[in-house]
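All remarks here apply to the structure that follows.
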Amino acid sequence: MVVLPRFLYIFQSIPICIPQLYFKKLDSIISSFIWAGKVPRISKKHLFKDKMNGGLSLPNFKLYYLAAHLNIFSFWRGCIPGIDLTEQPSWLLIEHLSCQRSCLPALLNSPTKIKNTVYKKNPIIQNSLKVWNQFLLLTRAPKMYLDTPICDNHAFFLDSVLAVKSYTKVAISTYYKVLLGVSSPSSHLFRVQWQEELGIEITEERWQDCIKNIYNSSINARHVLIQFRVVHRLHLSPSKMNKIYSNVSYLCAKCLNDPGTLSHVFLQCQKLQVFWDSI
Ligand SMILES: [Zn+2]
Numbered sequence: 000m001v002v003l004p005r006f007l008y009i010f011q012s013i014p015i016c017i018p019q020l021y022f023k024k025l026d027s028i029i030s031s032f033i034w035a036g037k038v039p040r041i042s043k044k045h046l047f048k049d050k051m052n053g054g055l056s057l058p059n060f061k062l063y064y065l066a067a068h069l070n071i072f073s074f075w076r077g078c079i080p081g082i083d084l085t086e087q088p089s090w091l092l093i094e095h096l097s098c099q100r101s102c103l104p105a106l107l108n109s110p111t112k113i114k115n116t117v118y119k120k121n122p123i124i125q126n127s128l129k130v131w132n133q134f135l136l137l138t139r140a141p142k143m144y145l146d147t148p149i150c151d152n153h154a155f156f157l158d159s160v161l162a163v164k165s166y167t168k169v170a171i172s173t174y175y176k177v178l179l180g181v182s183s184p185s186s187h188l189f190r191v192q193w194q195e196e197l198g199i200e201i202t203e204e205r206w207q208d209c210i211k212n213i214y215n216s217s218i219n220a221r222h223v224l225i226q227f228r229v230v231h232r233l234h235l236s237p238s239k240m241n242k243i244y245s246n247v248s249y250l251c252a253k254c255l256n257d258p259g260t261l262s263h264v265f266l267q268c269q270k271l272q273v274f275w276d277s278i
């Protein structure tokens, strides 16, 4: 998407706390474009998922915004007292010198609310801490305490997140993938619905094949989209249309004999048997 680098540039260059309302408005504009102003048929969280996990890799701007800030926090994390900052960016030195009787990594790990006098009321640090709290809320990360154990501690997953080298080109995309993994919904519901309709058990391994085959099935983008809609049950079958509009027939439009469920219109209809037998 061409607009993503423009947003990323702003997210990285202007360290401000953007209100949640802004991202909601942005999402509603994009959603309105995708669904042509109609009611969305699937949660946008499924569209945000990457292609190998059955999504459409639609950019989640809020997560990119958080990922850009995680890159800043990665710099903060290495800014321990006594470290030589001559090779570090100048903005880091300014923020480091703003801390009184504290340091930037300590601000990140504070289990209690921090008084703004600790960092000389530096508005940049104040905004960054607000974004850090948004990240903690999203990941439901627990607060750290002085007596927290080092071994066998689920809270230390943050270490692996922030261990990415902040100066590398792939840092933000790596953070984005981690955040996407935390916030992406499961496609288990669609699997259950297909199992109930087909009357068979779909193993996890087979379902994952279905998800991966959405993009492996064709190099044609239009065909891939059709496959996405089939797996996510987005097509309006005659049965589904009949539940919305009672004047629409629930029968299959081809054979006019059986209920037009998704499994029937795509697989079981007698009019399709010649086609399926030839494959
Ligand atoms: Zn039929």
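The sequence shown lines up with residues 0 to 278 when you count with numbering that gives the first Met the number 0. Backbone N, C-alpha and C fix where the C-beta goes; we use that ideal spot for every residue, glycine too. Since the structure is predicted, the reported quantities are computational estimates derived from the model, not experimental observations.
query	result
Segment contact, 8 Å Cβ cut-off, at least three pairs: the segment 76-93 with the segment 128-144	no
Around ligand 1, Cβ to any heavy atom closer than 5 Å, ordered along the chain	C251, K253, C254 and C268
Reduced DSSP secondary structure (H/G/I, E/B, other) of P122	helix
Pairwise C-alpha distance: L178 and M51	16 Å
Three or more C-beta pairs below 8 Å linking the segment 233-241 and the segment 250-269	yes
From S172, L261 and I201, residue whose alpha carbon lies closest to that of S186	I201
Counted within 10 angstroms of its Cβ, other Cβ atoms place L55 as buried (16 or more) or exposed	buried
Beta-bridge pairing of P4 - partner residues as DSSP gives them	Its beta-bridge partners do not exist; DSSP assigns none.
T173 - containing alpha helix (DSSP H), residue span	A170 to S182
Minimum C-alpha distance to I71 - residue among Y118, F60 and N126	N126
Proximity test, Cβ basis, 8 Å: G180 and chain B	The chain inventory of the structure shown lacks chain B, comprising one protein chain alone.
Cβ pair L103, Y174 closer than 8 Å	no
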